[in-house]
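Those letters in the sequence shown? Residues 132 to 412, per the working numbering, in order. Cβ coordinates follow ideal geometry from the N, Cα and C atoms, glycine included. All figures in this text were calculated on a predicted structure; none of them were measured in a lab. Report on one structure; see the data block that follows.
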Amino acid sequence: MVANISASDWSTDRGEAWRDSMVPLEAMLAPVNAPLIEALDLDAPYRIADIGCGGGETSIAIARNAYPGSSVDGFDISPALIDAAMAKEAYGDVPIHFHVQDAGQPLKEAAQFDRLTSRFGIMFFPAADAAFANLAQWLKPGGRFGFAVWGPPSENPWMSSIRTILSNHIVVPTPEPGAPGPFRYQNADEFVSLLASIGFADVSSASWKDKLAIGGGMDATAAARFALTAFSIGQLLDQSDQITARAAFSELASFFSKHLIDGEVRMDAHVHIVTGAQPVE
Ligand SMILES: C[S@@+](CC[C@H](N)C(=O)[O-])C[C@H]1O[C@@H](n2cnc3c(N)ncnc32)[C@H](O)[C@@H]1O
Numbered sequence: 132m133v134a135n136i137s138a139s140d141w142s143t144d145r146g147e148a149w150r151d152s153m154v155p156l157e158a159m160l161a162p163v164n165a166p167l168i169e170a171l172d173l174d175a176p177y178r179i180a181d182i183g184c185g186g187g188e189t190s191i192a193i194a195r196n197a198y199p200g201s202s203v204d205g206f207d208i209s210p211a212l213i214d215a216a217m218a219k220e221a222y223g224d225v226p227i228h229f230h231v232q233d234a235g236q237p238l239k240e241a242a243q244f245d246r247l248t249s250r251f252g253i254m255f256f257p258a259a260d261a262a263f264a265n266l267a268q269w270l271k272p273g274g275r276f277g278f279a280v281w282g283p284p285s286e287n288p289w290m291s292s293i294r295t296i297l298s299n300h301i302v303v304p305t306p307e308p309g310a311p312g313p314f315r316y317q318n319a320d321e322f323v324s325l326l327a328s329i330g331f332a333d334v335s336s337a338s339w340k341d342k343l344a345i346g347g348g349m350d351a352t353a354a355a356r357f358a359l360t361a362f363s364i365g366q367l368l369d370q371s372d373q374i375t376a377r378a379a380f381s382e383l384a385s386f387f388s389k390h391l392i393d394g395e396v397r398m399d400a401h402v403h404i405v406t407g408a409q410p411v412e
């Protein structure tokens with residue numbers, strides 16, 4: 132389960148685990164909102180769908196940046212995360228609605244949206260081709276999408292270094308290439324080809340590289356505790372004895388202490404911002 136995280140995990144345990152660490156996770160990922168929102172070209176009143184919206188932080192950021200008269204709908208398979216999103220503060224003038232919805236399934240009303248977006252919420256479909264073909268039905272002709280997905284693990288040491296350090300202490304399974312999981316679309320060209328094969332037009336990818344603050348801004352000890360709790364890979368330590376778990380934690384905290392900037396652990400990240408359009412009929 133830890134090697135490959137599927138949509139069914141998200142609808143239950145994984146969604147609840149994300150909700151339990153939602154505040155620091157969303158603070159950590161917040162810098163990705165700006166390039167994603169820019170890629171959406173919110174230059175008119177649009178109906179915008181946020182796919183795999185989780186606790187809704189990106190949906191809210193989009194609403195704050197949307198053209199007057201727009202609306203935002205957040206969709207997620209996890210009831211726990213949709214409850215958390217709905218509990219957030221009022222969002223301003225642009226209305227937001229959150230829905231429990233498997234993005235691999237049709238909506239009651241097709242072709243509703245001018246924009247589709249997702250921050251890391253589209254990598255977990257069990258049948259990706261069918262799921263993206265379904266999402267294509269959500270977009271109006273001429274509508275556009277912008278998706279943020281992680282680049283290769285080697286360029287995302289905020290995650291890959293944890294895997295490397297844990298593997299010094301326990302057996303860490305290697306994810307199957309292309310299986311559901313955070314690095315499923317690490318190869319941007321392959322992802323662009325997949326989306327083009329579905330029938331989307333003008334599909335292309337841009338790189339976003341910057342440092343992310345682990346947990347939104349934590350010292351090395353807090354960052355190690357956060358990473359092993361909030362990232363699913365930390366569950367691998369659940370079966371370990373205390374001495375092994377402590378040794379892995381200490382090594383991670385020590386590693387993080389070498390990546391402090393102004394007292395916060397900050398690590399390189401590489402995100403693909405992949406954009407395209409629904410052809411005009
Ligand atoms: C890594 S989290 C990202 C959450 C949110 N977009 C964010 O950036 O804070 C992945 C999200 O995708 C959702 N998800 C996974 N499979 C899904 C599916 N088939 N339909 C809808 N949501 C799904 C999960 O429940 C989870 O909220």
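- The alpha-carbon of F380 is positioned some 22 Å away from that of P306.
- Collapsing the DSSP output to three states places A234 in coil.
- Rounded to the nearest whole angstrom, the C-alpha separation of V323 and A218 is 35 Å.
- Nearest to Y316 by C-alpha distance, out of I301, R250, N265 and F386, is R250.
- Proximity to W281 across V405, L156, S152 and V154 peaks at V405, based on C-alpha coordinates.
- Nearest C-alpha to N299 among M153, R377 and P155: R377.
- An exposed status is given to T143, since fewer than 16 other beta-carbon atoms sit within 10 Å of its beta-carbon.
- For F386, the three-state secondary structure derived from DSSP is helix.
- DSSP places R246 within a strand segment (E or B) once states are collapsed to three.
- Judged by the Cβ position, I208 qualifies as a neighbour of ligand 1 at the 6 Å threshold, a heavy atom of the ligand being closer than this.
- Relative to ligand 1, the nearest heavy atom lies less than 6 Å away from the CB of W141.
- S209 is classed as buried because its beta carbon has at least 16 other beta carbons within 10 Å across all chains shown.
- DSSP places M398 in the uninterrupted beta strand (DSSP E) bounded by E395 to A408.
- The way I'd put it, the region 383-395 does touch the region 345-356; three or more beta-carbon pairs between them come closer than 8 Å.
- Using a cutoff of 6 Å, the CB of A211 does not count as near ligand 1, since none of the ligand's heavy atoms is closer than that.
- The alpha helix (DSSP H) runs of length 4 or more contained entirely in the region 253-326 are, from start to end of the chain, 259-269 and 288-297.
- For I191, the secondary structure class from DSSP, reduced to helix, strand or coil, is helix.
- Secondary structure note for D207: it is in no alpha helix (DSSP H), and the uninterrupted beta strand (DSSP E) holding it is S202 to D207.
- Proximity to V231 across F206, S371 and A241 peaks at F206, based on C-alpha coordinates.
- In this structure, the C-beta of G365 stays at least 6 Å away from each heavy atom of ligand 1.
- Short of 7 Å from the beta carbon of V411, and not among the five residues preceding or following it, lie these beta carbons of its own chain, in chain order: P272 and G273.
- Under DSSP, K340 takes part in a beta bridge, and its partners are H401.
- In the structure shown, L173 adopts coil according to DSSP, grouped into three states.
- Listed in chain order, the non-local C-beta contacts of A337 below 6 Å within the same chain comprise I404, local neighbours out to five positions each way being set aside.
- Spatial neighbours of S371 in its own chain (CB-CB distance under 6 Å, excluding positions within 5 residues in sequence) are listed in chain order as I301.
- If you check the CB distance, H401 and E220 do not come in under 7 Å.
- Taking 7 Å as the cut-off, the beta carbon of R150 is found closer than this to the beta carbon of A211.
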